[in-house]
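Protein chains in written order, with this note's numbering: chain X, 90 to 228; chain R, 90 to 228.
Yeah, the Cβ is synthetic: ideal placement off N, Cα and C, and Gly gets one too.
Owing to the predicted nature of the structure, the values given are computational and were not obtained by experimental measurement.
A short write-up of the structure that comes next.
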DNA sequence: AACAAGTTTGTAACGATTACAATCACTCGC
DNA sequence: GCGAGTGATTGTAATCGTTACAAACTTGTT
Ligand SMILES: [Mn+2]
Ligand SMILES: [Mn+2]
Ligand SMILES: [Zn+2]
Ligand SMILES: [Zn+2]
């Protein structure tokens, strides 16, 4: 599924900027923040504005093509993978890592009252990544 | 367990302000934000500063007496219940509700690489609470 | 009383995000 | 092709939660 197809599939009008942002997210699984995306695209789109990156990411999130992660209290991070998976953030180097989930377990785990309508689920882990853990142990 | 005891138990020196903040959190399970806490305590502690509320909550979080929730992208919310449970936020009225978890299921659910050291886990749900869901259906 | 260490306070700075108004790009009827 | 209309983009200014900082205050000690 290409970026243009994804946009069409959920009724978002394509524009060079929107395609560029979504393309970037689909090709980089690094959970970038707005500045990462802006810095990466700016060389190729010299007139691109940070505001457009913000607006586009909001639009894509509302359309369900992208998810916004609130795992990092400093700023939002974005992910074009909207299938169920968890995230781990390293409190030392701030890297965000995907954690696969055993799908069935989620229902077994949470006792959600039937009358509430869940629209999204996010599972976050915080701690030290292997590299930073190792570095900490040698200090 | 009283607020003063909790502070002592994890080596945080007590002060009237710290006790007041922790007391408030232990008595109100509403997941308040900084302004909620400040507004609630200010009548009784007229010299209390917002900065002190911020500082205290950071200290309490670092000491493990309190957890900081990043479920609401607008601002941090705080919870004196640090036992494992999930949170649901209503995207309409912003209420945060506790969701009990079946403890054992967490390990079964996430495939965490053994080399990473998890320090905290947060499971967030977003959607419409019963009241707002009902209101939405009648509109 | 003088001092040291730690805490609180008020204000200023910071930084991420949003609001807004002007400009731009594209489509459609002429 | 041409101009109006619609929506997208841009740059700047404003907002707002949070943090930095330095001065004033507390508390305990000599
Ligand atoms: Mn991911
Ligand atoms: Mn809670
Ligand atoms: Zn790391
Ligand atoms: Zn609600």
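Listed along chain R is no residue with a C-beta nearer than 9 Å to that of residue 147 of chain X; the closest approach is about 11 Å. For residue 175 of chain X, the closest alpha carbon among the candidates X:144, X:211 and X:156 is that of X:211. When beta bridges are read from the DSSP output, residue 209 of chain X appears opposite R:215.
In this structure residue 126 of chain R is buried. Its beta-carbon is surrounded by 16 or more other beta-carbon atoms within 10 angstroms. A distance criterion of 8 Å places the beta-carbon of residue 228 of chain R beyond contact range of ligand 4, judged by its closest non-hydrogen atom. Just so you know, the alpha carbons of residue 214 of chain X and residue 227 of chain R end up roughly 38 Å apart.
Residues of the segment 119 to 148 of chain R with a C-beta atom less than 7 Å from some C-beta of chain X do not occur. According to DSSP, residue 179 of chain X shares a beta bridge with X:216. Here the residues close to ligand 1, judged by CB distance below 6 Å to any of its heavy atoms, are X:120, X:168, X:170, X:174, X:176 and X:187 in chain order. Against chain X, the beta carbon of residue 152 of chain R has no neighbour under 8 Å; the closest one sits roughly 16 Å away. At the C-beta level, residue 119 of chain X and residue 185 of chain X come within 9 Å of one another. Note on geometry: alpha-carbon atoms of residue 166 of chain R and residue 209 of chain X lie some 19 Å from one another.
DSSP links residue 157 of chain X through a beta bridge to X:167.
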